[in-house]
Structure formats: C-alpha cells, structure tokens
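Below is one structure, written out as structure tokens; the observations come after it.
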Amino acid sequence: MNIEEIALKMELLERQNLSKSAEITNYTQSALTSKVKKMESEIGQEVFKRTPQGLKLTEVGDHYLQFLKKVAHDYEEFLHRIGSTQTSIHFGTSHTTIKIYGAAIMNALQTSHSPIDVDFTVESSTSLNYRVHHAELDCALTSNPLKHYADLHYDLIATETFEVISSPAHVIDFEQRTPVTLLVLSKGCMYSKALAQWLTNKQIPFTMKEIKSVSSILDFLQIEHTLAVLNTKLLALYPCPDLHHYHLDNLHNVIETVFIYKKNDSKLAPIMQLKQVIESLLERN
C-alpha cells in the first residue's frame, strides 16, 4: 500500500487548488494535473468540476475523498494494533521546549514501548512553523507563531510564562534608557521577541546576545547593564543565585504553547500518539 500516494490524493481533493497544493507538496502544477487525470482514469469518473471560480469536487470526488480518509485511518489503526512497525516522526521543538520536555518525552515513549521513533529538530518557532507547513517536519511543539498556515492545526497544549531577570546587584532603571544587553536562548523565540519589542517601544537601546546555555546566561548576569528572558519552568530547573525579577508595564508575559501538524497527514495516528504523550506530561506538571 502506497500510503504517501493516498495522502497526496487527499491533499488534492481537499485543497481543490492545484497551485496551492504545488506549493505545499513540492510538485509542479503540471505534475499534479497529471495525477488528477490519472486519478480520474483509475475510478472512471471526474473528481473535479472545472468552474470559473476554480476546481470544485464532484459528488464522486467527495465520495472518493471519504473513502481515502477511511483507508488511511484503517491502515494506521492496523499498524498500531500489530505494534511491530516503528514509525519515525520528525518532531520540531524550540530551544526552551527541548530543555524542559525533551528527556521526559523520550523516557515516556521508551517506558511505554511505543512504536514511535522520534527525531528531534531544535529551531525557532517561526522556522518550525514554516518547516511543518512545507512537510519538512511531521509536527512541532513550540510557542504559538505569529503566522498561521491554513493547512496546519495549531492545538493549544499549555500556557507558559516567562521571566525578565537580572542580578540584584545590577538592577536596571529603564527610565534612564541606558543601553542594555539582552541575553536569550534563541533570538527567534517568542519570549525574546516580546521583550525586544517592549524595549523598542520604550526607546531603550539594546543588544541581543544568543547564548545556548541557561547556566552561562545566569553567569553572565553578573555583568552590569545585562538582563535575560527565560521560561519560568526552565528557570526553575536550574540552581540560581538570587535574581531580580522585573514586572514590566504593558509586557504580557504569557505565551501559548501549541502542537503543530498538518490537517491531512499519512502519519496522523502516530502524531496523535505523540501529542497524547506530551499532554500527559504537561498534566503532571
């Protein structure tokens, strides 16, 4: 069974727009036109009506789409039941998420003898969102990106908070508008962007430095005119010296964490399994 071919047919039938399907699947529009013709030849009837507004599903096309969805679902259920086939999931996370949940996710999958084999990719939320959209990743867990693609689900998993901190020996008076150094785990992180925007709005000059180690960030806070932004849960994992926590007006320090995946994916069953593992971990915390 060519489940990838079934997934492509489902994409074409649901999207009803060959140019947009071409962007998502990396096929040329002419190649997809040929696939539609082949599909119609296989079943002996047209699946699309050509209208001035574009392609529209025929009644046969709609029945065929429902049939393909059932085949894909039944196939994934079969793989789950036999339990002997390992499914590889390309899973994206942010730098913060991997540090908080990465080891726990792997441990939960191993202890439950799950057939899912997870490969992690660590990037910014913007990049992860883009890569799931372009099918370079199967799914991602990250802060809610600013841009939402129509072909993706953004399931709210949790709300996270972040802290703006510095050394108590070097408390920053933002009213003075003294240039500051902002330490972050990732420049593309939504926490980093939120604080950078706040500093910009307050006309406070700053330089953003990306440092991949939380311990190093905490060490560097001993430097004057330096502050950092870190996830609250992540900060709790590290033994910290005394820190000064800032409560800044008009800075909303709550970020939504979402699980991102394609609406039509041949790996939907294992992706949902992975999501359930993550949700169970979050419920314990």
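Each residue of the sequence shown is one higher than the last, beginning at 8 in our numbering. Backbone N, C-alpha and C fix where the C-beta goes; we use that ideal spot for every residue, glycine too.
- Look at valine 178 here: in three-state DSSP terms it is coil, with no helix or strand label.
- Judged by DSSP secondary structure, aspartate 162 falls outside any alpha helix (DSSP H) and instead within the beta strand (DSSP E) spanning 159-173.
- The three-state reading of DSSP puts histidine 97 in strand, counting E and B together.
- Rounded to whole angstroms, the separation of the alpha carbons of leucine 225 and histidine 97 is 32 Å.
- Proximity to aspartate 272 across Ala115, Glu47, Cys146 peaks at Cys146, based on C-alpha coordinates.
- Taking the Cα positions, asparagine 260 is about 24 Å away from alanine 176.
- Comparing alpha-carbon positions, the option among His141, Phe181, Ile211, Val171 lying closest to histidine 254 turns out to be Val171.
- A buried status is given to phenylalanine 55, since no fewer than 16 other beta-carbon atoms sit within 10 Å of its beta-carbon.
- Here arginine 88 carries a helix assignment [DSSP, helix/strand/coil].
- Short of 8 Å from the beta carbon of leucine 288, and not among the five residues preceding or following it, lie these beta carbons of its own chain, in chain order: Tyr108, Ala111, Ile112, Ala115.
- Straight-line measurement puts the Cα of lysine 282 at about 30 Å from the Cα of histidine 70.
- Leaving aside the five residues that flank aspartate 126 on each side, the residues in its chain whose CB is nearer than 8 Å to its CB run, in chain order, Ser95, Ile96, His97, Phe98.
- Here glutamate 217 is near serine 193, since their CB atoms are less than 8 Å apart.
- Isoleucine 179 has its alpha-carbon roughly 8 Å from the corresponding atom of threonine 233.
- Residue Ser119 holds the alpha-carbon nearest to the alpha-carbon of glutamine 280 among Ser119, Tyr137, Gln73, Glu143.
- Residue environment for arginine 57: exposed (fewer than 16 other C-beta atoms within 10 angstroms of its C-beta).
- Under the three-pair Cβ rule at 8 Å, the segment 60-78 counts as touching the segment 21-35.
- When the alpha-carbon of threonine 264 is set against those of Ile13, Ile164, Arg88, the nearest one is in Ile164.
- With a 10 Å radius around the Cβ and a threshold of 16 neighbouring Cβ atoms, tyrosine 268 comes out buried.
- Collapsing the DSSP output to three states places asparagine 151 in coil.
- Scanning its chain for C-beta atoms nearer than 8 Å, with the 5 sequence neighbours on each side dropped, one finds around threonine 35 the residues Ala29, in chain order.
- Check the Cα spacing between glutamate 182 and each of Leu237, Leu228, Trp205: the tightest is with Trp205.
- Restricting attention to Leu153, Ala142, Arg138, Ala201, the CA atom closest to the CA of phenylalanine 169 is found in Ala201.
- Per DSSP, alanine 115 has no beta bridge partner at all.
- With a contact defined as Cβ atoms closer than 8 Å, glutamate 49 and threonine 65 miss out at about 15 Å.
- Partner residues in a beta bridge of arginine 184, as assigned by DSSP, do not exist.
- Pairing leucine 75 with lysine 16 gives a Cβ-Cβ distance under 8 Å.
- Between the C-alpha atoms of phenylalanine 85 and alanine 14 there is a straight-line separation of about 17 Å.
- For tyrosine 253, the beta-bridge partners assigned by DSSP are Val171.
- The three-state secondary structure of tyrosine 82, taken from DSSP, is helix.
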